[in-house]
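**Q** Taking my numbering, the leading residue of the sequence shown gets 22, the next gets one more, and so forth. Don't be surprised by glycine CBs; every beta carbon is placed ideally from N, CA and C.
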Amino acid sequence: MLQEKSDAPARPVSVPRIFLSFFRIGAFTIGGGYAMVPLIGHELVKTRGWLQEDTFEELLLVGQSAPGPIAVNTALLAGYRLAGIPGALAGVLGTITAPFFIILIVAAWATEFLHLPAVASGLAGIRSLVVSLMVLAAWRMVRRNHGAPVMIATGGLLALLILTDLSPFLVVLGALLAGAALGALRGRS
């Protein structure tokens, strides 16, 4: 599944180019892994043409299901797809290097500025931007898949978890049982 190279770029992608692409994304993205996802997709699919849209979505889904930060997982999988193990290493290092040093610098001075109203307002604005980027990415996936019922159901369950005090365990258990029931019904027909 992930090892097929049928949609590989026409020319091989160099490891330094993979590193620099992910470094740029890491350096200019505020909001963590989920905020990076739309930018990673745009860079790899639209800007560079290194991956097809469906391949990126597949890598994203696998990256999301693996333990760890989604941006790092996706960078690892995309880098591996593009240039094997060296590409995977370049993707991961590119993704984490800039944020690591930015956090070190910010942590050194943050306590002096966090109490200022302008800084607090700026951070609130950044949070709003991150949420809107994530909603836009989700909307594009749903639209591209013609509102796939599974995606709509997943969004509904997520909204249920966010808006209520319902136990995540119960929601996951319910989804598991519903999926098993649907699988059994499809198997009979």
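1. Does the distance from the C-beta atom of glycine 84 to that of isoleucine 39 stay below 9 Å?
2. Please state the DSSP three-state secondary structure of proline 88.
3. Our contact map puts methionine 162 next to methionine 172 with C-beta atoms below 8 Å; I'd like the distance itself, whole angstroms only.
4. Check this for me: beta carbons of valine 58 and alanine 104, under 9 Å apart or not?
5. In three-state DSSP terms, what is tryptophan 130?
6. Hey, alanine 111 and phenylalanine 43: beta-carbon distance below 9 Å or not?
7. When the Cα atoms are used, what is the spatial distance from leucine 97 to valine 113?
8. Between which residues of its own chain and glycine 54 is the CB-CB distance below 6 Å, once the five residues before and five after are set aside?
9. Serine 142 by DSSP, collapsed to three states: which one?
10. Which two residues bound the contiguous alpha helix (DSSP H) that contains leucine 181?
11. What number of angstroms, rounded off, separates the C-alpha of alanine 139 from the C-alpha of glutamate 79?
12. Whole angstroms is fine: what's the gap from alanine 199's alpha carbon to isoleucine 106's?
13. Within a Cβ cutoff of 7 Å, which residues of the same chain sit near threonine 50, ignoring the five residues on either side of it in sequence?
14. Alanine 202 to phenylalanine 121, Cα distance in whole Å?
15. Mapping DSSP to helix, strand and coil, what is threonine 4?
16. Within 10 Å of its beta-carbon, does phenylalanine 77 have 16 or more other beta-carbons around it, so buried, or fewer, so exposed?
17. Exposed or buried, what is glycine 70 when buried is set at 16 or more other beta-carbons lying within 10 Å of its beta-carbon?
18. Short of 7 Å in beta carbon distance, which residues of its chain neighbour leucine 178, apart from the five on each side in sequence? Order them along the chain.
19. Thinking C-beta only, is glycine 52 closer than 9 Å to threonine 118?
20. Any idea if leucine 41 is buried or exposed, counting beta-carbon neighbours within 10 angstroms, 16 or more meaning buried?
**A** In this structure, then:
1. no
2. Looking at proline 88 - three-state DSSP - the assignment turns out to be coil, as it is neither helix nor strand.
3. Rounded to whole angstroms, the Cβ separation of methionine 162 and methionine 172 is 7 Å, and the two are in contact under 8 Å.
4. no
5. The three-state secondary structure of tryptophan 130, taken from DSSP, is helix.
6. yes
7. 5 Å
8. So the qualifying residues of the chain are Pro90, Ile91 and Ala92.
9. helix
10. Residues 170 to 184.
11. 40 Å
12. When rounded, the distance between both Cα atoms is 38 Å.
13. Ala56, Met57 and Leu60
14. Rounded to whole angstroms, alanine 202 to phenylalanine 121 spans 45 Å at the Cα level.
15. Only positions 22 to 210 of the chain appear in the structure, and residue 4 is not among them; the question remains open.
16. buried
17. With fewer than 16 other Cβ atoms within 10 Å, it is exposed.
18. So the list reads Val192 and Ala196, once near-sequence residues are dropped.
19. no
20. exposed
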